[in-house]
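Report on the following structure.
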Amino acid sequence: MHFAMAALAMLVAPAQAAEFWQGPLIDVHSQVDQRTDLKTIVPLLDKAGVAQVVLSARFKQPSSDVIGLAQRHPERIIPAAKTKTRAFTKNSGGFPRIFKKELRSHDFGAMAEIIMWHAAKKGVGAGKAAMDPDDGRLQPFLKAARKKGWPFLAHIEFAAMDWDKERYMKKFEAFLAANRDVPVGLIHMGQLKAADAARFLPLHANLFFITSHSNPITIKASRLPWTRMFSGQELAPRWRKLVLAYPERFVLAFDNVFHFHWEKKFLPQVKVWRRALAALPDAVAHALAHGNAERLWKLPPAALSRQR
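For the sequence shown, my numbering begins at 191 and goes up steadily by one.
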């Protein structure tokens, strides 16, 4: 990669540069669906100053397309093994055979999120899926994480659980304790509030938080109970305090899921995060933006790329 700031030129005006963090970013979890134009991914990364993205395919979108993109841009795309299949969520006879076949198909650099508790999402074809943290279906993913040295990304929507939250949280903490050798990331911050995160962080050294869907752009576009990390354009005081206290435990991600996320939401979210990172001590900003991702996924040091 070439060291250059040109990638940010389309994101912010020169007079605004001091307001926005100028370093490289790594997105540790995004996806493509069947309507995503794969030719636009790397140009969008260039515009955003995102050095690398951990990318996976959804349902009917074949992993071979992501693998092909990664082969054309190996320094930018880290292909992640697909985990979201009906065989897994419906607990059919095809699991874990399908996942094992996926792992054999390519030398992946990561594993996509594991859907453990997902509320139904109207309008986007995402149904409810729920399994307890001690469900045996999770074992093939834990085995792969250990063998490959990958983080295990847990998709759990605590805020959508209502009456079952406390029971599930206790089981999740037991899951963390039983797998202390595996880094476990909570995608979308687990929909947790700062008070819950403040309790978790000192107790579970293998837990880290992934910032996807926690910014004003996502929250404004959705009525779902995502974690609100921001107050206006800045990190909310309670979250800022936690990020400063545990800078190695927060990892940047955008989790573009559908084509319209890439087309309409990605660049505005990057701008929000660059403003927030500029208000943090530089070492903390580097850790959140790319350093923690490099450590957890064993990636080479990130650098801004020259716009293609």
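Ideal Cβ positions, reconstructed from N, Cα and C, are used throughout, including at glycine.
Just so it is clear, the structure is predicted and the values come from calculations on it, not from any experiment.
Quick check on DSSP: helix, strand or coil for residue i?
i, result
"V447", "coil"
"S253", "helix"
"M195", "Summary for M195: the model assigns pLDDT 46, below 50, so the residue's position carries little reliability, and this model does not support an answer."
"S220", "strand"
"P204", "With a pLDDT of 46 at P204, under the threshold of 50, the modelled position of this residue cannot be trusted; read the value that follows with caution. It is helical."
"A335", "helix"
"V372", "coil"
"M351", "coil"
"S295", "helix"
"A493", "coil"
"A475", "helix"
"A260", "helix"
"E424", "strand"
"L228", "helix"
"M301", "strand"
"L414", "coil"
"F289", "helix"
Exposed or buried, residue i, counting other C-beta atoms within 10 Å across all chains shown (16 or more means buried)?
i, result
"L382", "buried"
"Q261", "exposed"
"G213", "buried"
"P264", "exposed"
"A466", "buried"
"R485", "exposed"
"P530", "Here the chain covers residues 191 to 498 and nothing more, so residue 530 does not appear."
"A310", "exposed"
"K250", "exposed"
"Q242", "buried"
"R276", "exposed"
"A473", "exposed"
"A492", "buried"
"Q221", "buried"
"L235", "buried"
"R357", "exposed"
"A367", "exposed"
"H192", "Annotation note: pLDDT 40 at H192 (below 50); position unreliable, coordinate value reported separately. Exposed, since its Cβ has fewer than 16 Cβ neighbours within 10 Å."
"A205", "Note that A205 scores a pLDDT of 44, beneath 50, so its modelled location is shaky and nothing firm can be said."
Rounded C-beta distance between residue i and residue j? I'm assuming under 8 Å.
i, j, result
"H378", "W416", "6 Å"
"V374", "R336", "Incorrect: roughly 12 Å between the Cβ atoms, too far for contact."
"V433", "N482", "11 Å between Cβ atoms; not a contact."
"I400", "A443", "5 Å"
"K280", "P323", "About 19 Å separates the two Cβ atoms, so there is no contact after all."
"D505", "H219", "Nothing about residue 505 can be read from this structure; the chain reaches only from 191 to 498."
"F210", "A468", "6 Å"
Do residue j and residue i count as a contact pair if the criterion is CB distance below 9 Å?
i, j, result
"N396", "R418", "no"
"L259", "V240", "no"
"F348", "M359", "yes"
"I304", "A344", "yes"
"F456", "A238", "yes"
"F420", "V462", "yes"
"L328", "M306", "yes"
"A271", "L245", "no"
"E424", "R430", "yes"
"P269", "P330", "no"
"D227", "H394", "no"
"L391", "A435", "yes"
Counting along the chain, where does the beta strand (DSSP E) carrying residue i start and finish?
i, result
"L343", "F342 to I346"
"A310", "It is not in any beta strand (DSSP E) - A310 carries neither H nor E in the DSSP assignment."
"L245", "V240 to A247"
"P269", "I267 to A271"
"I400", "L397 to I400"
If I follow the unbroken alpha helix (DSSP H) through residue i, where does it start and stop?
i, result
"P392", "A384 to L393"
"L432", "P427 to A435"
"F278", "R276 to T279"
"V462", "F456 to A468"
"F365", "K355 to A368"
"K410", "P406 to K410"
"W487", "N482 to W487"
Does the beta carbon of residue i come closer than 9 Å to any beta carbon on chain C?
i, result
"G213", "Of the protein chains in this structure there is only one, and it is not chain C."
Cβ of residue i versus every heavy atom of the ligand GDP: is any distance shorter than 8 Å?
i, result
"L425", "With respect to the ligand GDP, the structure offers nothing, as it holds no ligand at all."
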